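Asks: Numbering that gives the first Met the number 0 applies: residue 0 is where the sequence shown begins, and numbers increase by one. Glycine included, each C-beta is placed from N, C-alpha and C at the ideal position. Owing to the predicted nature of the structure, the values given are computational and were not obtained by experimental measurement.
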Amino acid sequence: MSSTTSALRLLRVAIAATLALASGAAGSAAPAQAAVTYRAQYHFTVPDRWMNDPQRPVYVNGKFNYYYLYNADYPTEVGTAWRLATTTDGVAFADQGIAAPKKTNANHDLWSGSAVVDTANTAGFGAGAVIMLVTQMDHPTPAQISNGSGQQAQFLWYSIDGGRTFRPHGDAPVIPNGGRRDFRDPKVIWDSDRGRWVAAITEGDRVGLYTSPDLKTWTRQSEFVSTYGILECPDLFQIRADDGTTHWVLGVSANGRASGKPETFAYWTGSFDGTKFTAGSAEPQWLDHGFDWYAGVTWEDPAAPLDRRFGLAWMNNWAYADNTPTRAADGFNGTDSIVRDIRLKRYTDGYSLVSQPTSALASHASSVRNLGTIEVNDGLVPLPYHGTAYQLETDVSWTELDNIGLQLRVSADGTRHADAGIYRDYSYLNRRQTGQPDPNGPRGESRAPWNPAKTTAHLRILVDRTTIEVFVDDGRYVHSSQVFADPADTGINLYTTGGSATFANTKITEFHDLSQRPARLLSGFEGSSFDPGWTTTGNFTGTGPLPWYLPGMVGNAALDTFAGGGDPGTGTITSPSFTVDRKHLHFLLAGGNHPRGSAGETSISLVVNGQVVRTATGDDTGVLKPVDWDVSELQGQSAQVRVVDQATGAWGHLMVDQLLLSD
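#1: Expressed to the nearest angstrom, what Euclidean distance is found between the alpha-carbon atoms of Tyr350 and Gly554?
#2: Hey, Leu660 and Lys624: beta-carbon distance below 8 Å or not?
#3: Could you tell me which residues DSSP puts in a beta bridge with Asn369?
#4: Is the separation between the beta-carbon of Glu392 and that of Lys215 shorter than 8 Å?
#5: Put Ser107 into one of helix, strand or coil per three-state DSSP.
#6: Pick out whichever of Ala484, Ser445 and Pro486 has its Cα sitting closest to the Cα of Phe470.
#7: Report yes if the C-beta distance between Leu208 and Val224 is below 8 Å; otherwise report no.
#8: Which residues mark the beginning and the end of the alpha helix (DSSP H) in which Arg179 is found?
#9: Reducing DSSP to helix, strand and coil, say where Arg326 ends up.
#10: For His138, which beta-bridge partners are listed by DSSP?
#11: Taking 6 Å as the limit between beta carbons, can you name the residues of its chain near Leu379, skipping five residues before and five after?
#12: For Gly541, collect the residues of the same chain with a Cβ closer than 8 Å to its Cβ; drop the 5 residues on either side in sequence, then sort them by chain order.
#13: Less than 8 Å between the C-beta atoms of Tyr422 and Asn402, yes or no?
#14: Taking the beta carbon of Gly259 as the centre, do at least 16 other beta carbons fall within 10 Å, making it buried, or is it exposed?
#15: Between the alpha carbons of Phe510 and His42, how many angstroms are there, rounded?
#16: Please classify Ile144: does DSSP put it in a helix, a strand, or coil?
#17: Can you tell me where the beta strand (DSSP E) with Ser396 in it begins and where it stops?
#18: Under the rule that 16 or more other beta-carbon atoms within 10 Å means buried, what is Gln610, buried or exposed?
#19: Beta-carbon within less than 7 Å of Trp156's beta-carbon, same chain only, minus the 5 sequence neighbours each way: which residues are those?
#20: Look at the alpha carbon of Asp663 and the alpha carbon of Asp72, and state the distance between them as a whole number of angstroms.
#21: Going straight from the alpha carbon of Gln54 to that of Leu407, what length do you get?
#22: Just to confirm before moving on: does the CB-CB distance between Thr357 and Gly89 stay below 8 Å?
#23: Could you check how far apart the C-beta atoms of Gly420 and Ser354 are, in whole angstroms? I think they sit under 8 Å.
#24: Across which residues does DSSP place Glu299 in a beta bridge pair?
#25: If you check the beta carbons only, do Gly78 and Val129 fall under 8 Å apart?
#26: Can you look up Ala417 in the DSSP assignment and give me helix, strand or coil?
#27: Which one or two residues does DSSP pair with Trp156 in a beta bridge?
#28: Are the beta-carbon atoms belonging to Glu222 and Asp184 less than 8 Å from one another?
#29: In the DSSP output, what is Ala500 paired with across the bridge?
#30: Can you tell me whether Tyr266 is buried or exposed? The criterion is at least 16 other CB atoms within 10 Å of its CB, across all chains shown.
#31: What are the boundary residues of the beta strand (DSSP E) that Asp627 is part of?
#32: Looking only at its own chain, which residues have a Cβ that is under 8 Å from the Cβ of Ala122, when we skip the five neighbours before and after it?
#33: Apart from the five residues just before and just after Glu299, which ones in its own chain have a Cβ nearer than 7 Å to its Cβ?
#34: Rounding to the nearest angstrom, what Cα-Cα distance links Ile373 and Tyr476 in this structure?
#35: For Val57, collect the residues of the same chain with a Cβ closer than 6 Å to its Cβ; drop the 5 residues on either side in sequence, then sort them by chain order.
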């Protein structure tokens, strides 16, 4: 959930608040120019408003459903919904709008949790239903809603349309609080060895482990206690190491700052017997040593579920979460790390997770520039390249020196830059000499261990418009941090101090612009009347959406031609004209099976230039099911949606909900 009281107060900053960077106070960066974008070019960003915690993606119908916490009312109100983006490769995403809305029941907003595909129908919502366990406040008072202090509990929501939209399974928690102050972020996995579900839930300074046969009835089995304060966003998974042995990993988002550790994703390797996790070491390791890799999630690679996983995190920090130039320049606050390929590797001192940018990133390259080998002798060497969004790889070797690295996002006069490199016994990423979110605070340079006897390193560095991620060698140590360089600062310098070094196989890769277009809701059919511009004929004149429950419905109402006097009612309901500016038109459909052109039709059609180009009918049930029309060849054309009901007998009505244009 990552929503502490201080964080909630932070989100109440008025929209007119002055950003440190915009005022020139962040580091030494110059003020950003008007009309300049800070939106990442190849990292995932929220389409608008606010995003924080990622939710573990699930694989459905050949693609990943990626959910994340989204606040459409930012910055004037707090509280989050679950928004959905889909992806086939973890690099290019398509926005699909709100999947689970906030303020829909007595428990108000949705915080973090996890979704699973219930293949065996253990919960009773149908085989393949997507079930999410999510933290909400249990029947909070208005005051508790305002300050986020309501009692946290775990609630079940379900989807029968492939995870596109969710509904709450009642207002009662499936895992009540039990008197805990902090109780959130359930992470659910299927324990195939024992044929039951397991949930890891953070409970202050510990992780509670629960089991269930059906996702509805849960039993607390054990707890794992940490010394890193309030924990959030747990993870539990099994993975096979490079030596063929299989291990369990327990991870959490934790604040190790007090003991000189990161504030990112801590993890322990060990064993799990179905009820209890046993760590191989009391001290955790860290998946990232930067300042901005929080609320991380990992998930299976369907092609090799035991051998590797994917992972990503929110590139922000609750210490300064609202301090970003993207809000003023681009109207949003929320960027994710690159998706990583994660493996488990054996070292002389034990097992550690290693990670690299996902291999799918290469397929989105727009250019590759080989700069060859560059010698640097105790000084600076500029590279013949300028940019704000790219990947840089280089193999560095040396004999004896104190410091080696790269100045990134260098200003024309050389005074502003972010530095990534190796100094004696640690690698580092230093953002103090340029715009950054913590200009007067301690989070300027991140460090990770380095063996000083080693005289070679492979550096893979991802630079985007507000972020830098540094992968050292095999990726056991990574630095991910926000860097708010001025858009005009585009240079790169190589440097050494105290000796010389060779930067070989130096390569710059640029990527296509992968920023997503937000989905566009044509109508959610809420309220007592149809949206402005909709027209009705026949018995439907003067009617509106019906506020009664239909399985699979989004919100509290849907279009239902039963409103025209029951099954005997006939007529049409037609949308205003709209431009087809996305590749797909999605909606939910139920009701009578009377196709267009048949006697007494009950149909929904897409009409372009007076011609019906797509049509669908119901299936003689009251369960709303998803329909997806590919409209990519209709781009730019004017269209209308028309619902026709000419049937007067059994199943003589049609139900429609959630008309959405998306990519």
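Replies: Result, derived from the coordinates:
#1: What you label residue 350 is simply residue 351 of the sequence shown in a count that begins at 1. What you label residue 554 is simply residue 555 of the sequence shown in a count that begins at 1. Answer to the nearest angstrom: the Cα atoms are 47 Å apart.
#2: As a working note, residue 660 is residue 661 in the sequence shown. As a working note, residue 624 is residue 625 in the sequence shown. Not a contact, by the Cβ cut-off of 8 Å.
#3: By one-based count along the sequence shown, residue 369 stands at place 370. According to DSSP, which records beta bridges pairwise, Asn369 is partnered with Lys506.
#4: Within the sequence shown, the letter at position 393 stands for residue 392. Within the sequence shown, the letter at position 216 stands for residue 215. No.
#5: The residue given as residue 107 occupies position 108 in the sequence shown. The residue asked about is misnamed: residue 107 is His in this sequence, not Ser. His107: coil per DSSP, three-state reduction.
#6: Walking along the sequence shown from the start, residue 470 turns up at place 471. Checking every option, the nearest Cα to that of Phe470 belongs to Ser445.
#7: To locate residue 208, count along the sequence shown from 1; it is residue 209. To locate residue 224, count along the sequence shown from 1; it is residue 225. Their beta carbons are not under 8 Å apart, which means Leu208 does not touch Val224 by this criterion.
#8: Position 180 of the sequence shown holds residue 179. Arg179 -> no alpha helix (DSSP H), and no H or E assigned at all.
#9: Within the sequence shown, the letter at position 327 stands for residue 326. Of the three classes helix, strand and coil, the one that applies to Arg326 here is helix, per DSSP.
#10: In the sequence shown, the residue the question calls residue 138 occupies position 139. For His138, which the question treats as bridged, DSSP gives no partner whatsoever.
#11: Indexing the sequence shown from 1 puts residue 379 at position 380. Asn492 and Tyr494.
#12: Translated into positions along the sequence shown, residue 541 becomes position 542. Cβ within range, chain order: Thr535.
#13: The residue given as residue 422 occupies position 423 in the sequence shown. The residue given as residue 402 occupies position 403 in the sequence shown. Result yes, Cβ atoms of Tyr422 and Asn402 sit closer than 8 Å.
#14: As a position in the sequence shown, residue 259 is number 260, starting the count at 1. Exposed is the call here.
#15: Position 511 of the sequence shown, counted from the start, is the residue given in the question as residue 510. Position 43 of the sequence shown, counted from the start, is the residue given in the question as residue 42. In a straight line, the C-alpha of Phe510 is about 10 Å away from that of His42.
#16: Within the sequence shown, residue 144 is the residue found at index 145, counting from 1. Reduced to three states, the DSSP call for Ile144 is helix.
#17: The count along the sequence shown starts at 1 and reaches residue 396 at position 397. Segment Tyr389 to Trp397, the beta strand (DSSP E) holding Ser396.
#18: Working through the sequence shown from its first residue, we reach residue 610 at position 611. Per the 10 Å Cβ criterion, exposed.
#19: Working through the sequence shown from its first residue, we reach residue 156 at position 157. For Trp156, where only same-chain residues beyond five positions count, the Cβ hits under 7 Å are Ala99, Met131, Val133, Phe165, Arg166, Pro167 and His168.
#20: Only positions 0 to 662 of the chain appear in this structure, which leaves residue 663 out of reach.
#21: In the sequence shown, counting from the first residue as 1, residue 54 sits at position 55. In the sequence shown, counting from the first residue as 1, residue 407 sits at position 408. Each residue's alpha carbon lies about 31 Å from the other.
#22: Position 358 of the sequence shown, counted from the start, is the residue given in the question as residue 357. Position 90 of the sequence shown, counted from the start, is the residue given in the question as residue 89. Cβ distance < 8 Å, so Thr357 and Gly89 count as in contact.
#23: Walking along the sequence shown from the start, residue 420 turns up at place 421. Walking along the sequence shown from the start, residue 354 turns up at place 355. At roughly 20 Å, the Cβ-Cβ gap does not stay under 8 Å, so Gly420 and Ser354 are not in contact.
#24: Mapped onto the sequence shown, residue 299 falls at position 300. Note: Glu299 sits in a beta bridge opposite Arg308.
#25: Counting from 1 along the sequence shown, the entry for residue 78 is found at position 79. Counting from 1 along the sequence shown, the entry for residue 129 is found at position 130. Against a cut-off of 8 Å, the Cβ pair of Val129 and Gly78 comes out as no contact.
#26: Residue 417 sits at position 418 when you count from the first residue of the sequence shown. Note: Ala417 maps to strand in three-state DSSP.
#27: Within the sequence shown, residue 156 is the residue found at index 157, counting from 1. Trp156 is bridged to Met131 and Pro167.
#28: By one-based count along the sequence shown, residue 222 stands at place 223. By one-based count along the sequence shown, residue 184 stands at place 185. Result no, Cβ atoms of Glu222 and Asp184 do not sit closer than 8 Å.
#29: The residue given as residue 500 occupies position 501 in the sequence shown. Looking at the DSSP assignment, Ala500 forms a beta bridge with Val375 and Trp397.
#30: Here residue 266 is taken as the residue at index 267 of the sequence shown, counted from 1. Classification of Tyr266: buried, given that the 10 Å Cβ count is 16 or more.
#31: Here the question's residue 627 lines up with position 628 in the sequence shown. Segment Thr620 to Asp629, the beta strand (DSSP E) holding Asp627.
#32: What you label residue 122 is simply residue 123 of the sequence shown in a count that begins at 1. Excluding sequence neighbours, Ala122 sits near Ala128, Ile130, Leu155, Tyr157, Asp213, Leu214 and Lys215.
#33: In the sequence shown, residue 299 corresponds to position 300, counting from 1. Within the same chain, Glu299 has close Cβ partners Arg308.
#34: As a first step, residue 373 is located in the sequence shown; it is residue number 374 there, counting from the start. As a first step, residue 476 is located in the sequence shown; it is residue number 477 there, counting from the start. Those two C-alpha atoms are separated by around 25 Å.
#35: Here the question's residue 57 lines up with position 58 in the sequence shown. Result list for Val57: Asn64, Ala114 and Val116, in chain order.
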